[in-house]
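Comments concern the structure below.
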Amino acid sequence: MKFFIDTANLAQIKEAQELGVLDGVTTNPSLMAKEGITGEKNILQHYIDICNIVDGDVSAEVIATDFDGMVREGEALAALHEQIVVKIPMIKEGVKALKYFSNKGIRTNCTLVFSPGQAILAAKAGATYVSPFIGRLDDISQNGVDFIAQIRQIYDNYMFETQILAASIRHTMHIIECAEVGADVVTCPLNAIMGLLKHPLTDSGLAQFLADYKKGG
Ligand code: E4P
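Counting in my numbering, the sequence shown runs from 1084 upward without gaps.
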């Protein structure tokens, strides 16, 4: 399972990269705005900065909602850096754009996916990644992890190659549950990744080992 970090915060991206387990980054316009990155020029430069920190895929989202605009923006984003994956929303024009980029060999991440039908369309259109937003489904009392399992079943039935990128991860248990049901990728806030480290028996066990070592010394 690949680990992506879901942020535009360079310090957090560096921290995850230094841990040695990072496979990529996802961003979206809200995450960019949260870091105060505004204006086309600054946003494009920020994507390059992110690519220079990590080794893996970096999702960069188009703003246009019409086919021509998505193609224009997506081609510009893809030309920025070889690690860029063009992030396209799951709307009618987006499906056309996914197919266009797939035919051109440009990698894509289909975002804002909330139903199995949308996941099927993304795969049929040749998306590299599909991003089901599990936290936002949980927020409206639909089980987000069950949705990941449903997509896994559908994609396996037909050997769709689109990778399931579980997004809108809110906590550490989401990561573990997504691993159990076979998500290909999880994109997470840094604290959810760091939560995987924690166990009180690890802490007390280590404290005991160190104390016993000192006694022996
Ligand atoms: C995915 O690519 C999105 O950026 C993200 O996971 C959305 O998460 P949120 O629901 O916490 O905003």
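We put the CB at the ideal spot given by N, CA and C, even for glycine. These figures come from a predicted structure and were not determined experimentally.
Regarding residue i and ligand 1, is the C-beta to nearest heavy atom distance less than 8 Å?
{"i": "T1285", "result": "no"}
{"i": "T1121", "result": "no"}
{"i": "R1253", "result": "yes"}
{"i": "N1192", "result": "yes"}
{"i": "S1224", "result": "no"}
{"i": "L1181", "result": "no"}
{"i": "R1235", "result": "no"}
{"i": "A1202", "result": "no"}
{"i": "L1114", "result": "yes"}
{"i": "K1170", "result": "yes"}
{"i": "D1138", "result": "no"}
Measuring alpha carbon to alpha carbon, tell me which residue in the options is nearest residue i.
{"i": "H1092", "options": "D1132, S1287, L1293", "result": "First, the amino acid is wrong: residue 1092 is Asn here, not His. For N1092, the nearest C-alpha among the options comes from D1132."}
{"i": "A1206", "options": "D1239, K1187, E1101", "result": "D1239"}
{"i": "D1138", "options": "T1245, I1146, E1123, G1103", "result": "G1103"}
{"i": "R1155", "options": "M1256, V1169, H1164", "result": "V1169"}
{"i": "F1150", "options": "Q1236, P1172, F1197", "result": "P1172"}
{"i": "L1195", "options": "V1213, L1181, I1203", "result": "V1213"}
Among all the DSSP beta bridges, which residues are the ones paired with residue i?
{"i": "N1092", "result": "Answer by DSSP bridge pairing: none, since N1092 is not bridged."}
{"i": "N1192", "result": "K1170, Y1212"}
{"i": "V1302", "result": "Because the chain spans 1084 through 1300 in this model, residue 1302 falls outside it and cannot be assessed."}
{"i": "T1109", "result": "D1089, S1142"}
May I ask you to report which of helix, strand or coil DSSP gives residue i?
{"i": "E1144", "result": "strand"}
{"i": "N1135", "result": "helix"}
{"i": "F1086", "result": "strand"}
{"i": "L1248", "result": "strand"}
{"i": "T1285", "result": "helix"}
{"i": "V1154", "result": "helix"}
{"i": "H1257", "result": "helix"}
{"i": "D1149", "result": "coil"}
- Message: Pairs of beta-carbons, one from the region 1216-1224 and one from the region 1252-1272, closer than 8 Å: are there three or more?
- Response: yes
ask   = Is it a yes or a no for the region 1281-1293 touching the region 1243-1251, going by three-plus beta-carbon pairs under 8 Å?
value = no
(message) Three Cβ pairs or more, each shorter than 8 Å: is that satisfied between the region 1177-1190 and the region 1223-1234?
(response) no
Would you be able to state if there are at least three C-beta pairs under 8 Å between the region 1145-1152 and the region 1163-1180?
-> yes
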